[in-house]
Amino acid sequence: MKKLMILLMALSAMGVLGITGCSKEKAAAQVEAKKTVYTCPMHHQIRKDQPGECPICGMTLVPLGDIEETPSAATPALKSDKAVEKKIKYWANPMNPAQHSPKPMKDDMGMDYVPVYEETASGEMKNPAGMEGLAPIHLSPYKEQLIDVKYATAEKAPITRLIHTSGRFAGGEGDFAALASDFAAQRPLKASGRYVVAEVYALDIPFVKAGQKAFVSSLSGSGDRIAGRVASVYPYDGTQSRVTRVRINLAQAAPPDIFANVDIEASTEPRLSIPPSAVMNTGTQKYVFVATAPGTFNPQAITLGFQGDDLDEVTSGLKAGEKVVQGANFLIDADSKIKAAFSESK
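Counting along the sequence shown from 1, when you hit position 224 you're at 227 in this note's numbering, and nothing is skipped either side.
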């Protein structure tokens, strides 16, 4: 009897140890099986267990998410996705969001109605004031890379613009004011002493200052461009045509021509600016999409000042350091308008 009891106790101990060991091995196997999988935004059949590039198109692989490779773990993951799935409020016509349906259907052109979900109060993004017809947009990292979203930072920088105008070659000895009255000198001219009298319109004259760079070439287009600098601005408009005359001293001998093409490199002191490609202009309103959080873009009305060739001055609506969408903003703008149309039709 004692031998039987000892045998039973030994078997029980071995069973407990075996179960514990199996549980630890199983848990370790599940942890090992759970890993990040990377895929290509354009070729979803590509699956990699580490970052890299797509072997087909060369695009950077993006995380597909944490998945469990064992078949038994796939079901719980699917259940968790359904648990957070939003409730469909109704179906809407993709071409006319005002047309609703309580169930899936097709329109007259055969297009499927799209579902409109009930947004929770915590996840709802309200339309910004003064931006009717636009709504905030949230994109996943996958969609951001798919449409190639690019950013620009609002920061202070000098703004430069080439002012294109025309003028006449002048020169010789004498006072600039006297010579500018009829543009050309009345005496024989020396090539080394010639300069250019350019006409600058009233819209551009506030940005033209003495010392700025200028480039002069013959009106015919022959010859090389000649570098120069703005020497002085004529004190009044003698022609009464809303133009101001500017004298440009040349760094080398001028050609024996009468008329000239003139480019003045007008530049401002550092001002808050963004690239022109980031600005959405409807004709009556200018706005940008500000990245307020990863993947979240809010439309923001702005006011522009001096507009350069590569940068535009922002006088209101943005702060230094804010990031705005510079690339793919037209696609984000389209999504923003569609979302706003759905919101207004609720």
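Here a beta-carbon is modelled for each residue, glycine too, at the ideal position from N, C-alpha and C. Note that the structure is predicted; figures quoted are calculated from it, not measured.
For this session: Can you tell me which of S270, S276, V233, S221 puts its alpha carbon nearest to the alpha carbon of A257?
Result: For this step, residue 257 is matched to residue 254 along the sequence shown. Among S270, S276, V233, S221, the Cα nearest to that of A257 belongs to S221.
Problem set entry | Buried or exposed (CB count within 10 angstroms, at least 16 for buried), P44 | On the sequence shown, residue 44 is found 41 positions in, with the first residue counted as 1. It counts as buried.
For this session: Quick one: using the 10 Å Cβ neighbour count with 16 as the cut-off for buried, is T247 buried or exposed?
Result: In the sequence shown, residue 247 corresponds to position 244, counting from 1. The residue in question, T247, is buried, as its Cβ has 16 or more Cβ neighbours within 10 Å.
Problem set entry | Residue burial classification, P139 (beta-carbon count within 10 angstroms, cutoff 16) | Residue numbering aside, residue 139 sits at position 136 when the sequence shown is read from its first letter. P139 is buried by the Cβ-count criterion.
Exercise. Closest by CA to V3, which one among P58, E158, L67?
Worked result: Past the boundaries of the shown model lies residue 3; the chain is included only from 4 to 349, so the question cannot be answered.
Exercise. What are the partner residues of A201, as DSSP defines its beta bridges?
Worked result: As a position in the sequence shown, residue 201 is number 198, starting the count at 1. DSSP lists G170, V249 as partners of A201.
Exercise. Between S339 and E268, what straight-line distance do the alpha-carbon atoms span, to the nearest angstrom?
Worked result: The sequence position of residue 339 within the sequence shown is 336, counting from 1. The sequence position of residue 268 within the sequence shown is 265, counting from 1. If I take the Cα positions, the gap works out to 38 angstroms.
Exercise. Where does I335 land, buried or exposed, given buried means 16+ other C-beta within 10 angstroms?
Worked result: By one-based count along the sequence shown, residue 335 stands at place 332. Buried, since its Cβ has 16 or more Cβ neighbours within 10 Å.
Exercise. Should P144 go down as buried or exposed, given a rule of 16 or more other Cβ atoms within 10 Å for buried?
Worked result: The residue labelled residue 144 in the question sits at position 141 within the sequence shown. Burial call: exposed.
Problem set entry | contact_flag[the stretch 268–279, the stretch 311–328] where n(CB pairs < 8 angstroms) is 3 or more | Touching, yes, given that three or more Cβ pairs across the two stretches are closer than 8 angstroms.
Exercise. Are the Cβ atoms of A343 and I150 separated by less than 8 angstroms?
Worked result: Your numbering for residue 343 matches position 340 in the sequence shown. Your numbering for residue 150 matches position 147 in the sequence shown. Going by C-beta atoms, A343 is not nearer than 8 angstroms to I150.
Problem set entry | Nearest residue (CA-CA) to I166, options D312, Q255, V200, A323 | Taking the first residue of the sequence shown as 1, we reach residue 166 at position 163. Among D312, Q255, V200, A323, the Cα nearest to that of I166 belongs to D312.
Problem set entry | For A157 and P209, the rounded distance between their alpha carbons | For the purposes of this step, residue 209 is taken as the residue at position 206 of the sequence shown. For the purposes of this step, residue 157 is taken as the residue at position 154 of the sequence shown. P209 and A157 have their C-alpha atoms roughly 24 angstroms apart.
Exercise. For the beta strand (DSSP E) that contains I91, what are its first and last residues?
Worked result: As a first step, residue 91 is located in the sequence shown; it is residue number 88 there, counting from the start. Unbroken beta strand (DSSP E) run through I91: 91–95.
Exercise. How would you write the range of the beta strand (DSSP E) that I229 sits in, first residue to last?
Worked result: Position 226 of the sequence shown, counting from 1, holds the residue named residue 229. I229 -> beta strand (DSSP E) spans 229–236.
Exercise. Considering only C-alpha positions, which residue in the set S223, R197, V293, G113 is nearest to A323?
Worked result: Against the sequence shown, residue 323 aligns to sequence position 320. The shortest C-alpha separation from A323 is found at V293.
Problem set entry | Secondary structure of I267, DSSP reduced to three states | Locating residue 267 in the sequence shown gives position 264, where the first residue counts as 1. Note: I267 maps to strand in three-state DSSP.
Exercise. Y239: which of H103, V249, F333 sits nearest, CA to CA?
Worked result: By 1-based counting over the sequence shown, the position of residue 239 is 236. Considering only alpha carbons, the answer is V249.
Exercise. Are the CB atoms of I251 and Y198 nearer to each other than 8 angstroms?
Worked result: Against the sequence shown, residue 251 aligns to sequence position 248. Against the sequence shown, residue 198 aligns to sequence position 195. Yes, Cβ-Cβ distance for I251 and Y198 is below 8 angstroms.
Exercise. Taking the Cβ atom as the reference point for each residue, do T163 and E202 lie within a distance shorter than 8 angstroms?
Worked result: Position 160 of the sequence shown, counting from 1, holds the residue named residue 163. Position 199 of the sequence shown, counting from 1, holds the residue named residue 202. Against a cut-off of 8 angstroms, the Cβ pair of E202 and T163 comes out as no contact.
Exercise. Excluding five sequence neighbours on each side, which residues of the same chain lie with their C-beta closer than 7 angstroms to the C-beta of G170?
Worked result: For the purposes of this step, residue 170 is identified with residue 167 of the sequence shown, where counting begins at 1. Only V199, V200, A201, E202, A263, V265 meet the Cβ criterion.
Exercise. Given that a residue counts as buried once 16 or more other Cβ atoms are within 10 Å of its Cβ, and exposed if not, what is N284?
Worked result: As a working note, residue 284 is residue 281 in the sequence shown. Classification for N284: exposed.
Exercise. Are there 16 or more other CB atoms within 10 angstroms of the CB of I261, so buried, or fewer, so exposed?
Worked result: Position 258 of the sequence shown, counted from the start, is the residue given in the question as residue 261. Exposed, since its Cβ has fewer than 16 Cβ neighbours within 10 Å.
For this session: Kindly indicate the opening and closing residues of the beta strand (DSSP E) around K216.
Result: The residue labelled residue 216 in the question sits at position 213 within the sequence shown. Unbroken beta strand (DSSP E) run through K216: 216–221.
Problem set entry | Where Y145 sits in the DSSP three-state scheme | As a working mapping, residue 145 is identified with position 142 in the sequence shown. Three-state result, Y145: helix.
For this session: Check each candidate in I59, G308, V219 and name the one with the smallest Cα separation from P278.
Result: If you number the sequence shown from 1, residue 278 lands on position 275. With distances taken between Cα atoms, P278 lies closest to G308.
Problem set entry | Assigned secondary structure, K159 (DSSP; H/G/I helix, E/B strand, else coil) | Taking the first residue of the sequence shown as position 1, residue 159 is located at position 156. Strand at K159.
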